[in-house]
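In our numbering, the protein residues as written are 22 to 355.
Even glycine gets a Cβ: it sits at the ideal position worked out from N, Cα and C.
Here the structure is a predicted model, which means the values were calculated and not measured.
Taking it in order: structure first as structure tokens, then the write-up.
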């Protein structure tokens, strides 16, 4: 098939292009021309921010499918509908689990969970989803939405559910015996997915009419806590995992735009499997092994450099826990 990847050189979009080409598809990528593109791809250079130019760029092109990895705003979604309606057999929008609101029952089911997103990034993705799915309802635009959660894979950084988030210093932090500051003690549930599995989901979706006008969770096979996630990394390095805990309420109060990171992120995958037959292949443990190998081989991890703020947070958290234990012990004796 003739596939257009909007993006094509980024962490996810580059992987989508690689997997599609390896599967025998004719790949065209749309980029700003800032990064090299493999010679086996066709390339269209342009700027997504200029909606009129974007639409004009594709006026003379037709593709069997378009996979949009770089649609973040409503105007970009409207331009995509204008550019590709009648010029592609299928349009796939890569969205995010950040579209989900705070009211959630686990596992999260797509059509039963609020999309009152908790931060601006999520709200903008909700707008994008509504535009392309609305175009399906109103004009028959063959659109599908995929919602991957925490992305993993070689080329990315490790870390989730912590004060640092994706942490370039995580390997050195753990190796040096320094604590990881985990939200709610690392008890938040996550369900990461590897970038190449998202790419496989895109290919499994293409051409399936049952997916048109629908949004799908696109999560990995494993559900675990963020503490378990970091334990796997520490075990691989052969070092103990040291942690301190901060309450999610304090984290969200200090960083309201990071509220989605302080939620349980566990998803029902059955809707996508029923529609496409797709099942993710890569376990979290295997993904972590690959990422550690890549980080070490490419010297992409950074030396641990504690910030004064982090040092204060660690001290406060430890003091609070000690005081709480003493207080509870006193209550028991009273």
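Query, Result
"Straight-line gap, residue 71 to residue 225 (C-alpha atoms, nearest Å)", "31 Å"
"Boundaries (first-last residue) of the beta strand (DSSP E) holding residue 89", "86-89"
"Nearest neighbour of residue 219, chosen from 261, 200 and 294 [CA to CA]", "294"
"DSSP-derived helix/strand/coil call for residue 235", "strand"
"Assumed close pair residue 109, residue 76 - CB separation to whole angstroms, cut-off 8 Å", "No, residue 109 and residue 76 are not in contact; Cβ-Cβ is about 13 Å, not under 8 Å."
"Buried or exposed (CB count within 10 angstroms, at least 16 for buried), residue 283", "buried"
"For residue 79, the three-state DSSP class (helix, strand or coil)", "coil"
"Coil, strand or helix - residue 190 by DSSP", "coil"
"The beta strand (DSSP E) enclosing residue 299, as first and last residue numbers", "Per DSSP, residue 299 belongs to no beta strand (DSSP E) and is neither H nor E."
"Helix, strand or coil at residue 142 according to DSSP, with G and I counted as helix", "helix"
"Simplified DSSP assignment, three categories, for residue 173", "strand"
"CA-to-CA distance, residue 188 to residue 235, given in whole angstroms", "34 Å"
"Beta-bridge pairing of residue 162 - partner residues as DSSP gives them", "In the DSSP output, where bridge partners are listed per residue, residue 162 has none listed."
"For residue 107 and residue 246, the rounded distance between their alpha carbons", "44 Å"
"Bounding residues of the alpha helix (DSSP H) (the contiguous stretch that carries residue 105)", "95-105"
"Pick from 200, 201, 89 and 39 that is closest to residue 113, judged by C-alpha positions", "89"
"Chain-order list of residues whose beta-carbon lies under 6 Å from that of residue 216 (same chain, five-residue window excluded)", "33, 36, 172 and 174"
"Strand pairing of residue 64, partner residues [DSSP]", "50"
"Where residue 310 sits in the DSSP three-state scheme", "helix"
"Euclidean distance between Cα positions of residue 305 and residue 318", "20 Å"
"Backbone CA spacing between residue 264 and residue 157 [nearest angstrom]", "48 Å"
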